[in-house]
Amino acid sequence: MSWLTDPFQLEAMQRALLATVITGVVAPVVGTWVILRRMANLGDAMAHGTLAGVGLAYAAGVNILLGAIGAGLVIAVLLLALSTNRRLGQETVIAVLGTAFFGLGVVVISRLDTGVELSHFLFGRVLTVTWGDIWLNLALGGVSVITVLVLFGELRLATFDHVQAEQVGVKVELVQAVLVILLAVVVVISLRTVGTVMSITMLVTPAATARLLSRTLRQMTLLGVVFGVGEGVAGLTLSYHLDSASGATIGLVAAVVFGVVFVVTLPKRMPHHHRPMG
Amino acid sequence: MNDCPVLEVDSLGVHYGHHEALYDVSFQVGRGELIGVIGPNGSGKSSMFKAICGLVNHSGVVEVNGVHCHDHTDRMDLAYIPQRSDNDLNFPISVGELVLAGRRRFRHWWQRPTGHDRVVASQALARVQLSGAEDRALTELSGGQLQRAYLARALAQEASVVLLDESLSGVDQPTTAELFDVFESLAAEGTTLLVATHDLALARRRFSRCLAVNGTLRADGPPVDVLSAEVLDATFGSAGHRVVAD
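What follows is the structure, given as structure tokens:
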């Protein structure tokens, strides 16, 4: 038992635990829609791209979370503006933006003489979480969860059948824009805990695991939160004992759980390949 | 047709870039009409439906119950049932939630479905013989049941005009016959239905009026006139004539 409780005797680890729980709740709530709308690529690009904001904020001596928010919003706006180009397609624009912003972040951070390694930003440095970060994450996370809950019906309609959704009055493009912004916010919230690169893990993997087990959207959202918090806390505890990067360890735990659930549910999913006749 | 048309289309045209998918389509539809829209693949049937619903940019005028198409609220009085393959059937949405989606036009984005909405949705499901299917997943429905569920959504929407785009493709004959029974009873109650189909034999048997579309409106009238050799040649080439002769 002490193996589980020992790590959290330290105040820094208590703050880390709080940050991990916040991420574990918020990321799957938004991630559910990222998966259903098949936006994981965008999440990945956003996760990498926010490094530019982190680097620039670090250089300017500003809170890196604010820098990440700025970069996320700039990427979101550019994406919405550029993806209207039919010659390119959204996937191409996502790849260009993600790599460009990631490159900018790497260049800026590698030119800084801070003594902080690039890997801390990429894979998280959960012990550096401050109470200020936690309050900011709590505020951003709270707004994100409330936004998803309020827009739950609109998200469902716009995602399942955007044509009919428009027909009955749903502002489909506005819903998409809100979701892109929420995605940026989740990346920011995940920053300290799992880092920019691994934030896509918290966004996608718990919700994807929940998708395998659930029939309804509510089940998927709630199960995603259970997996997100459980995997986050388990990964954090393991990283303490293994002295490994918290983000990478949480990512590994989430991937193992996904793998197990995928295999266990395989027989259950097979009958759905055969639709009833008539 | 009644004096006041439910749907009025005047000089409708659709362009995709430099490609002209549809030009100069004009017709009027009265309350309670059941109309077949025929034409080969790529003839512009789907473009016409999407333009009528305001889902693609178009020239010309569409009026629903006398309201000009540039006023978005009139579009909500149209229900559009797309081709079967357009939606992800693995999406975690139940039949009941699908049908309730039709009620969205009667409330604001922040409001939840009311008890009345649920009653109307339940009645719509009963109307298409899907009572008790509220909690079933879409993957558990057959092709014909799925089309009925979409039809129930259109009923819950209480739309004056229902546009069905190739909805009967891949549905077996008994189920098609059952769906037509529902179409006819809806038409008898005043709902106007436009059904796009490739099945010319079906069009001849079950519709009172047909529109032949291929780039523009080739013919508009009773099946006996629209399915004439001359019109079919203009719409389908020789293939159409052979099909209807069968």
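Chains A and W, in that order, are what the protein sequence lines are. Counting in numbering that gives the first Met the number 0, the first sequence tops out at residue 277, every number present. Counting in numbering that gives the first Met the number 0, the second sequence tops out at residue 245, every number present. Note that beta-carbon positions come from the ideal geometry of N, C-alpha and C, so glycine has one too.
List, in chain order, every chain W residue whose beta-carbon is nearer than 8 Å to that of residue i.
i, result
"Ser213/A", "Pro91"
"Glu153/A", "Trp108"
"Leu216/A", "Pro91, Ile92"
"Leu35/A", "Phe90, Pro91"
"Val149/A", "Trp109"
I want to verify the contact list: residues of chain A whose CB lies under 8 Å from the CB of residue i, in sequence order.
i, result
"Asn86/W", "Phe159, Asp160"
"Met75/W", "Gln166, Val167, Gly168"
"Ala136/W", "Arg214"
"Ala176/W", "Result: empty, since nearest Cβ-Cβ is about 12 Å, beyond 8 Å."
"Ala125/W", "The premise fails here: Ala125/W is roughly 19 Å from chain A at the closest Cβ pair, so nothing lies under 8 Å."
"Ala20/W", "What Ala20/W touches in chain A: nothing, since even the nearest Cβ is about 16 Å away."
I'd like to confirm the pairing. Which residues does DSSP put opposite residue i in its beta bridges?
i, result
"Cys209/W", "Gly35/W, Gly220/W"
"Ala136/W", "Ser93/W"
"Glu62/W", "Glu7/W, His67/W"
"Val20/A", "Beta-bridge pairing links Val20/A to no other residue."
"Leu50/A", "Answer is none; Leu50/A lacks a bridge partner."
"Glu183/W", "Looking at the DSSP assignment, Glu183/W forms no beta bridge with any residue, so it has no partner."
"Gln27/W", "Glu7/W"
"Gly12/W", "Ser58/W"
Leaving out five residues on either side along the sequence, give the residues of the same chain with a beta carbon under 6 Å from the beta carbon of residue i.
i, result
"Gly278/A", "For chain A, the structure presents residues 0 to 277; residue 278/A sits outside this window and is missing."
"Gly234/A", "Thr248, Ile249, Val252"
"Ser245/A", "Gly123, Val125, Leu235, Ser238"
"Tyr57/A", "Ile63"
"Gln89/A", "Ser82"
"Leu163/W", "Ile80, Val194"
Just the chain A side, please: which residues come within less than 9 Å of residue i by C-beta, in chain order?
i, result
"Leu319/W", "Here chain W comprises residues numbered 0 to 245, so residue 319/W is not present and cannot be evaluated."
"Tyr79/W", "Val162, Gln163, Gln166"
"Ala246/W", "The first residue shown for chain W is 0 and the last is 245, placing residue 246/W beyond what the model contains."
Starting from the beta carbon of residue i, find every residue of chain A whose beta carbon is closer than 7 Å, and list them in chain order.
i, result
"Arg103/W", "Leu156, Val167, Gly168, Val169"
"Gln156/W", "Val167"
"Ala233/W", "The contacting residues do not exist; Ala233/W stays about 30 Å from chain A at best."
"Ala148/W", "Per Cβ cutoff of 7 Å: no residues; Ala148/W is ~12 Å from chain A at best."
"Ala50/W", "Those within 7 Å of Ala50/W in chain A number zero; the least Cβ separation is about 13 Å."
Which same chain residues end up closer than 7 Å to residue i when comparing Cβ atoms and leaving out the 5 residues on each side of it in sequence?
i, result
"Asp245/W", "Residue placement at Asp245/W cannot be trusted, given a pLDDT of 45 that sits under 50; what the coordinates show is reported in the next sentence. Excluding positions up to five away in sequence, the list reads Ala200."
"Asn1/W", "The predicted model places Asn1/W with a pLDDT of 49, which falls under 50 and marks its position as unreliable; any figure quoted below should be read in that light. Hits under 7 Å: Gly29, Arg30."
"Ala158/W", "Asp76, Leu77, Ala78"
"His57/W", "Leu11, Gly12, Val13, Ala50"
"Val293/A", "Residue 293/A lies beyond the range of chain A shown here (0 to 277); nothing can be said about it."
"Asp132/A", "Ala18, Leu64, Arg191"
"Arg217/W", "Ala211, Val230, Ala233, Thr234"
Can you tell me whether DSSP reads residue i as helix, strand or coil?
i, result
"Ile92/W", "coil"
"His107/W", "coil"
"Leu192/W", "strand"
"Gln172/W", "helix"
"Gln128/W", "coil"
"Asp164/W", "strand"
"Ala78/W", "strand"
"Ala20/W", "strand"
"Ser198/A", "helix"
"Val224/A", "helix"
"Asn1/W", "For Asn1/W, the pLDDT reaches just 49, beneath the cut-off of 50, and the residue's location in the model is therefore unreliable, although a value from the coordinates is still provided. DSSP places Asn1/W in coil when its eight states are reduced to three."
"Ala59/A", "helix"
"Gln156/W", "coil"
"His115/W", "helix"
"Asp198/W", "coil"
"Ala233/A", "helix"
"Ala233/W", "helix"
Any idea if residue i is buried or exposed, counting beta-carbon neighbours within 10 angstroms, 16 or more meaning buried?
i, result
"Pro205/A", "buried"
"Ser207/W", "exposed"
"Phe261/A", "exposed"
"Glu165/A", "buried"
"Val53/A", "buried"
"Gln128/W", "exposed"
"Lys278/W", "Outside the displayed range of chain W (0 to 245) lies residue 278/W, so it cannot be described from this structure."
"His18/W", "exposed"
"Gly38/W", "buried"
"Gly66/A", "buried"
"Asn213/W", "buried"
Which bits of chain W does residue i rub up against, with CB to CB less than 9 Å?
i, result
"Val186/A", "Residues of chain W passing the Cβ test: none, with the nearest at roughly 25 Å."
"Met219/A", "Pro91"
"Val193/A", "Near Val193/A there are no residues of chain W at all, since even the closest Cβ is about 26 Å away, more than 9 Å."
By Cβ distance below 8 Å, which residues in the same chain neighbour residue i in space, the five residues on each side in sequence not counted?
i, result
"Leu167/W", "Gln146, Thr175, Leu178, Val194, Thr196, Asp198, Leu201"
"Ala186/W", "Gly31, Glu32, Leu33, Leu192"
"Thr264/A", "Leu211, Leu212"
"Val292/A", "With chain A covering 0 to 277 only, the question about residue 292/A has no answer from this structure."
"Ala148/W", "Val94, Leu97, Val98, Leu124, Val127, Leu129, Ala132, Leu137, Leu140"
Heavy atom of the ligand FAD less than 6 Å from the Cβ of residue i, yes or no?
i, result
"Val61/A", "The model depicted lacks the ligand FAD and carries no ligand whatsoever."
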